[in-house]
Amino acid sequence: MSGDFAVRAAVPQDDPEQVFDVLWQLAPGDARPDPARLAAARLAAAWRDLHAQAGRRLLLAVAGDTFVGTLDTLVVPNLTHGARPYMVVENVVVAPGWRRRGVARTLVLAAFDDATAAGCYKVQLVSNAARIEAHEFYASVGFAQSALGYRRYLAAAS
């Protein structure tokens, strides 16, 4: 517990639509999908698959009954570095009213603890090049810019 929120792993019984409400903050410029039009079956399947995937853990910052932050991790088996796994971090999001209150720091430190417990040799993430404040935050918790990243976005499946 830190302040007035706690960090815990998501469980299948959590409401994925409430988690989505936090995640949507990552790209507020995008048109927000109407929950009624959001393929409920697809969201339910993704939620189920997330919990079934080996090495996957979604961390949630929770204040009372409200999700105020997320951090998604995946521990990846690896054939190099003495066959030690590595952790990939995605979707670090904090609800606007909760920013600069230690939520992201607490989430990242929890992920570091999980990575250490899993024997990972590194934790890596990518961040949009325009998110300068996020980069400053990542540096403050020990990340170093050490690689050049590439992405290729694919067309949505029909």
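Residue numbers (the working numbering): 60 to 217.
C-beta: ideal position from N, C-alpha, C; glycine also.
Predicted, not measured: the structure shown is a model, and the values here were computed from it.
Query, Result
"Runs of beta strand (DSSP E) wholly within the segment 111 to 188 (minimum 3 residues, chain order)", "115 to 122, 125 to 135, 145 to 153, 182 to 184"
"For Tyr197, the three-state DSSP class (helix, strand or coil)", "helix"
"Euclidean distance between Cα positions of Asn137 and Asp63", "38 Å"
"Own chain, CB closer than 7 Å to Met60, minus 5 neighbours either side, in chain order", "Unreliable placement is indicated for Met60, whose pLDDT of 44 sits below 50; no coordinate value is reported for it."
"Leu119 to Gly141 span [Cα, whole Å]", "31 Å"
"Expected contact under 8 Å - CB spacing of Val81 and Phe126 to nearest Å", "5 Å"
"Limits of the alpha helix (DSSP H) - the one that Val78 falls within", "75 to 82"
"Residue span of the beta strand (DSSP E) that contains Arg190, given as start and end", "From DSSP, Arg190 is part of no beta strand (DSSP E); its letter is neither H nor E."
"Stretch-stretch touch, CB-based, cutoff 8 Å, three pairs: the segment 169 to 182 with the segment 103 to 112", "no"
"Whether Val200 touches Val167 by CB criterion (8 Å)", "yes"
"Closest Cα partner of Glu192 within the set Ala86, Arg159, Ala215, Gln77", "Arg159"
"Test item: CB-CB of Trp83 and Gly128 under 8 Å", "no"
"Ala100, buried or exposed, once every other Cβ within 10 Å from all chains shown has been counted against 16", "exposed"
"Proximity to Ala65 [Cα-Cα], best of Asp124, Pro155, Pro71, Val135", "Asp124"
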